[in-house]
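Trainee: So the sequence shown is numbered by the working numbering: it starts at 957 and just counts up by one.
Backbone N, C-alpha and C define an ideal beta-carbon position, used for all residues, glycine too.
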Amino acid sequence: MIKKQKEVLIMSKDTMQAIQLTQPCAADELHPTTVPVPQLKPGYALVKVKAFGVNESELTSRKGKSSPDFKFPRILGIEGVGIIDRVNAGSSFKPGQKVVTMMGGMGRAIDGSYAEYMLIKEKNLIPFESGLDWSIIGALPEMLQTAYGSITQGLRVQTGDLLLVRGGSSTVGLMAAVLAYHMGAKVIASTRNENKLATMAKLGIDYPVLDDRDFADRVKKIAPDKVDKVLELVGFSTLFQDMGLVKEGGYTCFTGALGGKWTLNNFSPFMIPTGVFLTSYAGEAKDLPAKYFNHILKLIEDRQLTVPLAKVYHGLSEVGEAQANLESGKFSGKHVVVL
C-alpha cells in the first residue's frame, strides 16, 4: 500500500492543472485542464505556484489581441509567486525557497503562471523571506515592479515633488501613489469612478480627483504652478492634456494605456510642450531589486504600507470569475488567485 501511494505521488508530478488557451474565448470559458509539468532546462527553475495576480494584459491575451510574440496554445499569467520545486545542479536557488517573478515573456512568448507549476529563468526570479499571506504577496510583483520602475527610472521622484498619477485607481496607479508617498512626494491621483475616491483617500493619496470634463481645472486649483511630474497610465487619449499640466523642467512618463490607445498617427515632437520631458517605462524583473522587494514586505508586515486588494480567489476554477470582475471595472485594487 505504501509503495502504491509513492507511485501515485510521483505520477502526479508528471501532469498539472493549468488554464491553457487554444483560441480566443470569454472569461466564463476559462477552465482548468490537465497538461504536462514543464521539464527543467539549463538556466531555469521549476516553481510551484502559490498565487498570482490577474492583469489587464491577460484579458487582452485571452481575446487573442496580445503582443506579436503571443500565440496559441498558451498558459496565461505575466506574474506569480511560489516555492522553488526543482533546480539544476550548481543553481544559486534551493528547493523550498520562496520566490516571485514577473514579465520576461510570461503568458505571451512562454507559458505563464495560471498553473500549478511554472518554468522560469533564474535571472527573472526574486527571492524573499516573509510570513505574509500568499494573497498579499501574490498581489505585488507586476504592480510593484511597474510602479517602482516608473517613479524611479522613468520619473526620478524625489522628496517634495508633486506627482500626478493619471489612472490613479488602477493597481499600478495605486501602488505608484503609495510608493511616492513613502518617498516624500505629494500625490494627485485620478479616477473616473466617483465611488473609488474614498478608497484612494484611505490609502494615503493626498488629492484623489475625479477624472471628468473638469479634471484639468481641478488639478490647476491644487497645483496653480503646475505639477512636477506625471505618471501616464491612461494613454494617448490624455497624454497631451497631462503634459500641459507639467511645469517647465518636469517629466511625464508613459507607462500604460488603460484607454486602449498605445500609438498615435502623425505624431510630431513639437506636440511636446517646450521644456517638458517625455519618457516611458516598460521594464522587467531585474528592475526590482530583491532588497527593495523585501523592504516593501517589511513595511507591509509593520502595517506602514497597505496593499490595494480587490478580491481574493481560490483555485484555478475561479480564474474566470477573477477576469470577469477585473473586466467590469467595478473594483479597486488587485484581483489575486491563491492555489
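Using the three-state DSSP reduction, which class does Lys1217 fall into: helix, strand or coil?
Mentor: Within the sequence shown, numbered from 1, the residue matching residue 1217 stands at position 261. In the structure shown, Lys1217 sits in coil (DSSP, three-state: anything other than H, G, I, E or B).
Trainee: How many angstroms separate the CA atom of Val1056 from the CA atom of Tyr1073?
Mentor: Within the sequence shown, residue 1056 is the residue found at index 100, counting from 1. Within the sequence shown, residue 1073 is the residue found at index 117, counting from 1. The straight-line gap from Cα to Cα measures roughly 13 angstroms.
Trainee: In chain order, what are the residue ranges of uninterrupted alpha helix (DSSP H) at least 4 long that sit wholly in the stretch 1039-1097?
Mentor: 1090-1094
Trainee: Can you tell which of Asp1173, Lys1019, Ala983 and Glu1078 has its C-alpha closest to the C-alpha of Ala1045?
Mentor: Counting from one through the sequence shown, the residue named residue 1045 turns up at place 89. Ranking Asp1173, Lys1019, Ala983 and Glu1078 by Cα distance to Ala1045 puts Glu1078 first.
Trainee: Put Val1202 into one of helix, strand or coil per three-state DSSP.
Mentor: On the sequence shown, residue 1202 is found 246 positions in, with the first residue counted as 1. Strand.
Trainee: Taking the alpha carbon of Pro1027 as the point to measure from, which residue in Gly1094, Gly1063 and Ser1013 has its own alpha carbon closest?
Mentor: Indexing the sequence shown from 1 puts residue 1027 at position 71. The sequence given here has Lys at residue 1027, not Pro. Lys1027 has its Cα closest to that of Gly1063, out of Gly1094, Gly1063 and Ser1013.
Trainee: By the 10 Å Cβ neighbour count, where 16 or more other Cβ atoms means buried, how is Pro1051 classified, buried or exposed?
Mentor: Numbered from its first residue, the sequence shown carries residue 1051 at position 95. By the neighbour-count rule (16 or more Cβ atoms within 10 Å), Pro1051 is not buried but exposed.
Trainee: In whole angstroms, what separates the C-alpha of Val1186 from that of Asp1117?
Mentor: In the sequence shown, the residue the question calls residue 1186 occupies position 230. In the sequence shown, the residue the question calls residue 1117 occupies position 161. Distance between the alpha carbons of Val1186 and Asp1117: 10 angstroms.
Trainee: Just mark Phe1226 as buried or exposed, buried being the case when its beta carbon has 16 or more other beta carbons within 10 Å.
Mentor: Walking along the sequence shown from the start, residue 1226 turns up at place 270. With fewer than 16 Cβ atoms within 10 Å of its Cβ, Phe1226 is classed as exposed.
Trainee: Label Thr1115 either buried or exposed according to how many other C-beta atoms from any shown protein chain fall within 10 Å of its C-beta, with 16 as the threshold for buried.
Mentor: Looking up residue 1115 in the sequence shown gives position 159. Thr1115 is exposed by the Cβ-count criterion.
Trainee: Measure the beta-carbon distance from Tyr1137 to Tyr1248 and round it to whole angstroms, keeping in mind my assumption that it falls under 8 angstroms.
Mentor: As a first step, residue 1137 is located in the sequence shown; it is residue number 181 there, counting from the start. As a first step, residue 1248 is located in the sequence shown; it is residue number 292 there, counting from the start. The pair is not a contact, with the Cβ atoms about 16 angstroms apart (cut-off 8 angstroms).
Trainee: Of the residues Arg1042, Ala1172, Val991 and Ala1065, which one's Cα is nearest the Cα of Asp1025?
Mentor: In the sequence shown, the residue the question calls residue 1025 occupies position 69. Closest by alpha carbon: Ala1065.
Trainee: Work out the CA separation of Ala1145 and Gln973 for me, nearest whole Å.
Mentor: Locating residue 973 in the sequence shown gives position 17, where the first residue counts as 1. Locating residue 1145 in the sequence shown gives position 189, where the first residue counts as 1. Using only the alpha carbons, I get a separation of about 39 angstroms.
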